[in-house]
Amino acid sequence: ATTTITYTNAAAACMAMLALLVLGRLVSRSGAVERAMAVVLLVGVAATLSRAGIVGVASGFLAMCFLLGPRRLVGAAWRPITGAMVATASLVPSLSAHSAPRVGLAVVGLVAGLVVGAAPVRSRPVRDLTLGRHGRVALAAVGASLGAGVIVVAAVWGLTASSAWHQRITLSSPSRSAERRAALTLIDHHLVTGIGPGQATFLWETPDHHLRTDRYAHDEYLQLAAEEGLVGLFLLGVVAAAVVTTARAGRPRRLTDPADYAEWVGAAVGLGYFGVHSGLDFLWHVPAVPLVAALLVGLAAPRVCSRTSNSTPKDRRQT
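Just so you know, we're using our numbering here: the sequence shown kicks off at 220 and counts up by one.
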């Protein structure tokens with residue numbers, strides 16, 4: 220709701236993390252509400268046109284296929300994904316800044332997508348269908364083929380689409396590359412302690428000899444290094460190590476706790492996505508984004524059991 224007054228790519232990061240979590244939960248909790256949530260979150264990520272958000276969700280889904288098994292995950296998620304595709308297709312005519320919004324078509328498409336995604340399904344027992352070596356190779360080949368297909372389609376589309384579309388479907392970003400070079404220059408001059416929190420201003424010259432400035436490097440790691448130097452990066456490394464240790468300690472057993480394991484996979488993959496996307500946009504400056512990441516840390520952490528003397532180990536696990 221606040222993307223137009225904050226930062227659209229930050230909204231994509233929030234929705235992408237939650238989408239990966241919900242997709243993981245669908246393996247064991249495939250109710251109509253969960254599937255509707257997945258549809259809305261996936262459509263939201265697509266509507267932002269955030270390249271990192273869209274590619275991150277696709278890459279995270281492939282990673283979850285490795286961890287949960289493709290048949291298991293695809294079997295639970297194909298309806299919400301199909302519904303999201305239907306709803307997103309209805310948004311395409313309204314996405315360009317040069318065309319008038321078609322609100323009626325978008326609403327009809329969203330309703331149709333929710334109907335497709337949340338349609339009743341016959342429940343099946345959860346089985347462990349993780350991949351063997353040959354299955355992993357096959358999945359990697361399929362993922363590489365899909366990636367190559369997306370690149371080819373994007374290239375063809377970029378040659379024929381308007382300039383507004385071309386800016387979003389290309390992987391190049393000259394302004395961000397210039398911002399990163401300016402950040403590296405600033406880091407070189409203030410390596411140990413940085414220039415100070417909130418004090419960084421990045422300057423660079425464009426090819427047509429105009430001077431540009433920006434307060435954000437579109438890379439939180441470079442931003443932190445520029446403002447707080449090696450000291451800040453060291454402290455960030457401590458936090459990252461603590462998060463990884465906590466998530467590893469909270470990993471449930473795949474065979475004995477399949478529902479908890481599926482949720483843990485969604486949370487862990489969402490955290491991995493957050494770590495990668497943080498190097499592509501200024502996400503930590505929008506408080507909602509790290510708060511969602513903190514939620515995923517809590518879901519990936521070990522379960523806390525009540526330590527009452529009259530409860531059995533089984534009761535404590537349920538608590």
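Quick reminder that beta carbons are idealized off the backbone N, C-alpha and C, glycines included.
Check	Outcome
Could you tell me the alpha carbon to alpha carbon distance between residue 302 and residue 312, rounded to whole angstroms?	18 angstroms
Is the stretch 429–445 touching the stretch 399–410 in the sense that three or more CB pairs, one from each, lie closer than 8 angstroms?	yes
Can residue 271 and residue 495 be called in contact, C-beta distance under 9 angstroms?	yes
Measure how close the beta-carbons of residue 336 and residue 254 come, nearest whole angstrom, since I'm counting them as under 8 angstroms.	5 angstroms
So is residue 415 buried or exposed if we call it buried at 16+ other beta carbons inside 10 Å?	exposed
Expressed to the nearest angstrom, what Euclidean distance is found between the alpha-carbon atoms of residue 439 and residue 490?	15 angstroms
Does DSSP put residue 422 in a helix, a strand or coil?	strand
Which of helix, strand or coil does DSSP assign to residue 404?	helix
Distance check for residue 262 and residue 256, CA to CA, integer angstroms please.	10 angstroms
Please report the distance separating the alpha-carbon of residue 469 from that of residue 291.	22 angstroms
Under the rule that 16 or more other beta-carbon atoms within 10 Å means buried, what is residue 427, buried or exposed?	exposed
Just checking my contact of residue 298 with residue 266 at CB under 8 angstroms: how many whole Å lie between their CB atoms?	Not really, about 20 angstroms apart at Cβ, beyond 8 angstroms.
Check whether the stretch 498–505 and the stretch 238–247 are in contact - that is, three or more C-beta pairs closer than 8 angstroms.	no
Using the Cβ count rule (16 or more neighbours within 10 Å means buried), how would you classify residue 517?	exposed
Could you give the C-beta distance for residue 515 and residue 478, rounded to a whole number, given that I count them as a contact under 8 angstroms?	Between residue 478 and residue 515 the Cβ distance is about 17 angstroms, and since that is not below 8 angstroms, they are no contact.
Let's see if you can read the secondary structure: which residues bound the alpha helix (DSSP H) around residue 310?	289–314
If I follow the unbroken beta strand (DSSP E) through residue 431, where does it start and stop?	430–433
DSSP state of residue 192, grouped into three classes?	What is shown of the chain runs 220 to 538, which leaves residue 192 out entirely.
If you check the beta carbons only, do residue 323 and residue 306 fall under 9 angstroms apart?	no
Should residue 451 be listed as close to the ligand MN, given that the test is whether its C-beta is under 8 angstroms from any heavy atom?	Among the components modelled here there is no ligand, and therefore nothing to report on the ligand MN.
Can you tell me the Cα-Cα spacing of residue 316 and residue 296, whole angstroms?	32 angstroms
Going by C-alpha to C-alpha distance, which of 278, 437, 430 and 519 sits closest to residue 399?	437
Could you name each continuous beta strand (DSSP E) segment of 3 residues or more that falls completely within the stretch 222–275, going from the start of the chain to the end?	none
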